[in-house]
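Student:
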Amino acid sequence: MTPRDELPRAFGWLAPVGVAAVLLGLWQGAVTAWDVPAYLVPSPARVAATLWTDRALLADSLRVTAGIALTALAIAIVAGVATALLFAQSRVIEASLFPYAILLQVTPIVAIAPLIIIWVQDTRVALVLCAVVVAIFPIISNTALGLRSVDPGLADLFRMSRATRWQTLWRLRIPGALPYFFGGLRVASGLALIGAVVAEFVAGTGGQGAGLAYQILLAGIQLNVPRLFAALVLIAATGVVFFAVTNALARAALSRWHESELPPAE
Amino acid sequence: MTAAPSVVAVEGAAKTYANGTCALAPVDLAVAPGEFVALLGPSGCGKTTLLRMAAGLVAPTQGRLSWWGADHVPADDPARRIAMVFQSPTLMPWSRVLANARLPLDLAGAARAEGDRAARDALAGVGLADVADRYPRELSGGMQMRVSIARALVVAPALLLMDEPFGALDEFTRHKLDAELNALWHTRGGTVLFVTHSIQEAAFLATRVVVMAARPGRIIADVPVPAAQPRTPAYRGSADFAALCARLSAAVAQASGEVQAQ
Ligand SMILES: Nc1ncnc2c1ncn2[C@@H]1O[C@H](COP(=O)(O)OP(=O)(O)OP(=O)(O)O)[C@@H](O)[C@H]1O
Ligand SMILES: [Mg+2]
């Protein structure tokens, strides 16, 4: 066994936390040593303090942004899986529609967002839609690939047993597609958040329903750099939480049988 | 009394794949009820192709096949089921061993309790009663292959098709599973068409060995094996066995010699 496999389990999160502590320490030290003004680079302590003092404002914005990203992710999952299932029904459908899925993927969201925001009256709905557009592709393409990647032997067995189309889908193709789906979900969860933030930037919506991106925009204009950093920290933290939750879901669904989630070999 | 129809009869069937590969020249083969026929031949001689034809999974490009005298695979006759064991275990990794063994019954719409009972019986028949709740990855290769056999036996097939089921296993395990398979067939009866590229395995198991040659795939010899059933370890050491192996080797060598001469 390689030394890589012999790392203790706790190392998985201890190591990055240690790295963070060192980097934050250096950052704090540098800011204090050279007396960098907070409107250029705030110290970690200052950012932490801002997170606390602005907590009401930031928590509201966090709720808005995370809400948009989560709604978008949920819609991307449902619509993406439905599209993949449609593709799995026939090669003709897949061949005629897949290019449009790619089109969605390659068009930068900043370019489409203004249009969506003009067309859709409700800003929140427009933002969700933008995030869906960004997040849906990995779900569609991965799930479609998984539904197609059937063990040929098992496919023969199902044919010999005169399995119905439905049985083949439900008992063979869908379980086999799960690892691929979760691979797509992992990417999509991050993209949904990015989509939500980018769309907010484009929309520039303020007031009641202002999200974290708007707080960054506003803080930038006001040169309130500590708040800008605080909002950034929250976005990054949200992304990490999304990733961790998706990972946990994948592990729960696959750990008993799929290589990607098996515990390290003994 | 008329003779019982062949379980599967291949009449001048040939297969050329879409890419132009001529996998099988026209062959004739009739398998009678109760026979254990071994298809013996080198890699690429069309054994799998012929077996998949017998399973109704591929259609011949020329000639015809019949099953119990009919020109199609019987659909709903419980006394005329066909099951297949593939070259690899092909188990569903996401299902436990019991669910894997039960699969053909599930697909046929059998009741869960009835399916569980039959699957447990089939697993017990291959000596795997105690691993029903494990996942396939927790089993050794030989055990996975036995699950695959249990899955085939769960429908009580009248015709069992086996494609080099033990080809990937070590010799000890293979001898052991060959002996188990022979005992199983001896007790439950039925007709078996068994693909192998091992002369000893064919000689040990079969009541009849059909030798095939490659390029193009064809049948070059049809050798009856009259030795008594069930076959014992002693049979492996007998003069009959040695003579049969020698005869099969000669047939195979002759076939490959022809190919080299071309
Ligand atoms: N789906 C396919 N499409 C095209 N050619 C094929 C296909 N399946 C098999 N062949 C070709 O047909 C020939 C016979 O293949 P087959 O799998 O029947 O051989 P085999 O006797 O089972 O060999 P092995 O012992 O290696 O399993 C080979 O030359 C192979 O390349
Ligand atoms: Mg083969």
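First to last, the protein sequences are chains A and B.
Our numbering applies: residue 160 is where the first sequence begins, and numbers increase by one.
Our numbering applies: residue -13 is where the second sequence begins, and numbers increase by one.
Built from N, CA and C at the ideal position, the CB exists for glycine as well.
Candidates Leu306/A, Gln187/A, Ala290/A: which alpha carbon is nearest Ala233/A's?
Tutor: For Ala233/A, the nearest C-alpha among the options comes from Ala290/A.
Student: Please report the residue range of the alpha helix (DSSP H) in which Arg321/A lies.
Tutor: Where Arg321/A is concerned, there is no enclosing alpha helix (DSSP H), given that its DSSP letter is neither H nor E.
Student: Pop quiz: Leu109/B and Val83/B are said to be a contact at Cβ under 8 Å. What is the actual Cβ separation, rounded to whole angstroms?
Tutor: That belief holds up - the Cβ atoms of Leu109/B and Val83/B are roughly 7 Å apart, short of 8 Å.
Student: Mind listing which residues have their beta carbon within less than 7 Å of any non-hydrogen atom of ligand 2? Chain order is fine.
Tutor: The answer, residue by residue, is Lys33/B, Thr34/B, Gln73/B, Asp149/B, Glu150/B, Val181/B.
Student: Can you name the residues that DSSP bridges to Arg204/B?
Tutor: Note: Arg204/B sits in a beta bridge opposite Ala199/B.
Student: Judging by CA-CA distance, which residue of Arg410/A, Gly349/A, Val392/A is the nearest neighbour of Val292/A?
Tutor: For the residues Arg410/A, Gly349/A, Val392/A, the minimum Cα distance to Val292/A belongs to Gly349/A.
Student: In the DSSP assignment, find the alpha helix (DSSP H) that holds Pro148/A and state where it starts and stops.
Tutor: Shown here, chain A extends from 160 to 425; a query on residue 148/A therefore has no answer.
Student: For ligand 1, is there any heavy atom lying closer than 7 Å to the beta carbon of Thr47/B?
Tutor: No.
Student: From Thr182/B to Phe152/B, what distance separates their C-alpha atoms?
Tutor: In a straight line, the C-alpha of Thr182/B is about 8 Å away from that of Phe152/B.
Student: Mind checking whether the beta-carbon of Thr397/A lies closer than 7 Å to any heavy atom of ligand 1?
Tutor: Outside the cutoff, so no.
Student: Locate the alpha helix (DSSP H) running through Ala40/B, then write down its first and last residues.
Tutor: Ala40/B -> alpha helix (DSSP H) spans 33 to 40.
Student: Name the two residues that bound the continuous beta strand (DSSP E) containing Asp149/B.
Tutor: Looking at the DSSP string, the run of the beta strand (DSSP E) that includes Asp149/B is 145 to 149.
Student: Taking the alpha-carbon of Leu170/B as reference, which of Ala199/B, Phe22/B, Thr7/B, Ala97/B has the nearest alpha-carbon?
Tutor: Of Ala199/B, Phe22/B, Thr7/B, Ala97/B, the residue nearest in Cα terms is Phe22/B.
Student: Could you tell me the alpha carbon to alpha carbon distance between Leu93/B and Asp63/B, rounded to whole angstroms?
Tutor: Going by the C-alpha atoms only, they are around 15 Å apart.
Student: DSSP three-state call for Met160/A: helix, strand or coil?
Tutor: With a pLDDT of 44 at Met160/A, under the threshold of 50, the predicted position of this residue should be treated as unreliable, though the coordinate-derived value follows. In this structure, Met160/A counts as coil in the three-state DSSP scheme.
Student: Quick one: grab the DSSP three-state call for Arg82/B.
Tutor: DSSP places Arg82/B in coil when its eight states are reduced to three.
Student: For Val309/A and Arg332/A, I'd like the C-alpha separation in whole angstroms.
Tutor: If you take the alpha carbons of Val309/A and Arg332/A, they lie about 6 Å apart.
Student: Is there at least one non-hydrogen atom of ligand 1 closer than 7 Å to the beta-carbon of Thr76/B?
Tutor: Incorrect: Thr76/B has no Cβ contact closer than 7 Å to ligand 1.
Student: Kindly provide the ranges of any alpha helix (DSSP H) runs that are 4 or more residues long and lie completely inside the region 94 to 156 of chain B, ordered along the chain.
Tutor: For the region 94 to 156 of chain B, whole alpha helix (DSSP H) runs of length 4 or above, ordered along the chain, are 98 to 111, 127 to 139.
Student: Go through its chain and collect everything with a Cβ distance to Ala241/B's Cβ below 6 Å, but skip five positions before and after it.
Tutor: Contacts found: Ala199, Ile206.
Student: Starting from the C-beta of Met(-13)/B, find all residues in its chain whose C-beta is less than 7 Å away, skip the five residues before and the five after it, and write them out in chain order.
Tutor: Confidence is the limiting factor: at Met(-13)/B the pLDDT is only 45, short of 50, which leaves the residue's position unreliable, though a coordinate-based value still follows. Counting only Cβ-Cβ distances below 7 Å, and skipping sequence neighbours, we find nothing.
Student: Of the choices Leu337/A, Ala362/A, Gly177/A, Ser414/A, whose alpha-carbon is the least far from that of Arg307/A?
Tutor: Closest by alpha carbon: Leu337/A.
Student: Which bits of chain B does Trp416/A rub up against, with CB to CB less than 7 Å?
Tutor: The answer, in chain order, is Pro79, Trp80, Tyr121, Arg123.
Student: Excluding five sequence neighbours on each side, which residues of the same chain lie with their C-beta closer than 8 Å to the C-beta of Glu100/B?
Tutor: Correct list, in chain order: Leu91.
Student: Starting from Leu217/A, find everything on chain B with Cβ-Cβ shorter than 8 Å and list it in chain order.
Tutor: In chain order: nothing, as chain B lies at least about 43 Å away.
Student: Give the range of the alpha helix (DSSP H) segment to which Gly349/A is assigned.
Tutor: From DSSP, the alpha helix (DSSP H) with Gly349/A extends over 333 to 362.
Student: Mind checking whether Pro46/B and Ala9/B have CB atoms under 8 Å apart?
Tutor: No, these two residues do not count as a Cβ contact at 8 Å.
Student: Using the beta-carbon count (16 or more within 10 Å), is Leu387/A buried or exposed?
Tutor: Label assigned to Leu387/A: buried.
Student: Can you tell me where the alpha helix (DSSP H) holding Asp281/A begins and where it ends?
Tutor: First-last for Asp281/A: undefined, no H or E at that position.
Student: Mind checking the region 223 to 255 of chain A against chain C and listing, in chain order, the residues whose C-beta falls within less than 7 Å of any C-beta there?
Tutor: No chain C appears in the structure shown, which is made up of the protein chains A and B.
Student: Which of helix, strand or coil does DSSP assign to Leu179/B?
Tutor: Reduced to three states, the DSSP call for Leu179/B is strand.
Student: Assuming Thr242/A and Gly370/A are in contact, meaning their beta carbons sit under 8 Å apart, how far apart are those beta carbons, in whole angstroms?
Tutor: Going by Cβ atoms, the distance from Thr242/A to Gly370/A rounds to 28 Å, so no, they are not a contact pair.
Student: So Ala322/A contacts chain B; which residues on that side make the cut at Cβ distance below 7 Å?
Tutor: What Ala322/A touches in chain B: Leu93.
Student: Closest to Ala314/A by C-alpha separation, out of Leu43/B, Ala213/B, Ala(-10)/B, would be which residue?
Tutor: Nearest option by C-alpha distance: Leu43/B.
Student: Please list the partners that Phe317/A has in chain B, where partner means a Cβ-to-Cβ separation under 9 Å.
Tutor: Chain B residues near Phe317/A: Leu89, Leu93.
Student: Which whole-angstrom value is the C-beta distance of Ala188/B and Leu15/B, which I expect to be below 8 Å?
Tutor: Actually they do not touch by this definition, with Cβ atoms about 15 Å apart.
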